[in-house]
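UniProt numbering numbers the first residue of the sequence shown as 1 and each following residue consecutively.
Glycine included, each C-beta is placed from N, C-alpha and C at the ideal position.
Below: one structure, written as structure tokens.
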Amino acid sequence: QFTLSRSEWCISRQRSWGVPIPVFYESEKDAPLLTDSSVEHIIEIFKKHGSDGWWKLDDQELLAPELKIIMVKHIEREMIQWIKDFKAIADLYLEGSDQHRGWFQFSLLTLVAVNDKASYSTLITHGFVMGEQDQKMSKSLGNVINPSTIIKGGKVSIISNIL
């Protein structure tokens with residue numbers, strides 16, 4: 001249900017699935033090389049080879065003629081190779097429940113798709129402590145209360161019993 005209820009999906013030039021975004025990076029400047037000509041060149045390649053051409057052809061074949069003299073990085077290929085080479089398995093991922101559709105989902109879906117296994121053996125998510133306005137306590141909202149203040153003030157005896 002989480003994926004169905006997700007209102008927006010991040011489009012990233014580093015994604016390794018679906019139809020790629022035809023961007024190369026100039027190695028020296030780490031600047032994107034995306035021109036009308038380079039996009040048209042990729043469109044022609046897709047017409048001939050389908051989107052698999054992005055993965056099967058080498059960089060020089062994918063580059064528009066005027067860009068072939070520039071040293072480039074094919075970011076998507078670097079990313080997919082990193083994912084394929086990823087061997088570390090964490091014993092535990094522990095985050096707030098806001099990450100169900102964030103880091104946990106990205107990590108799980110990406111690595112299972114490529115390596116057929118998750119990047120962690122145990123997943124634990126936790127809820128949040130709520131502030132006075134019934135909002136999640138957050139440093140960025142400035143509504144965090146130091147636990148020692150609560151304990152000293154005697155506002156919540158259960159916390160002192162736990163600590």
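For a test of the three-state rule: what should DSSP assign to residue i, helix, strand or coil?
i: S119; result: coil
i: P32; result: strand
i: D91; result: strand
i: K68; result: coil
i: F128; result: coil
i: G53; result: helix
i: K139; result: coil
Would the beta-carbon of residue i fall within 8 Å of that of residue j?
i: S97; j: H126; result: yes
i: L62; j: I45; result: yes
Between residue i and the rest of its own chain, which residues show a CB-CB distance below 8 Å, the 5 nearest in sequence each way excluded?
i: S121; result: I89, A90, D91 and L92
i: Q133; result: N143
i: Q60; result: K68
Use the C-beta contact count for residue i: other C-beta atoms within 10 angstroms, 16 or more gives buried, fewer gives exposed.
i: I42; result: buried
i: S38; result: buried
i: V144; result: exposed
i: W103; result: exposed
i: L109; result: exposed
i: P22; result: buried
By Cβ distance below 7 Å, which residues in the same chain neighbour residue i in space, the five residues on each side in sequence not counted?
i: Q135; result: L141 and N143
Check the C-beta distance from residue i over to residue j and give it rounded, since I have them as a contact under 8 Å.
i: L33; j: L67; result: 6 Å
Using a Cβ-Cβ cut-off of 6 Å (strictly less than) and excluding sequence neighbours within five positions of residue i, which residues of its own chain qualify?
i: V129; result: M137
i: I124; result: L94
i: G131; result: M137 and N143
Counting only beta-carbon separations shorter than 8 Å, does residue i have a partner in chain D?
i: L111; result: Among the chains in the structure shown there is no chain D, since it carries only a single protein chain.
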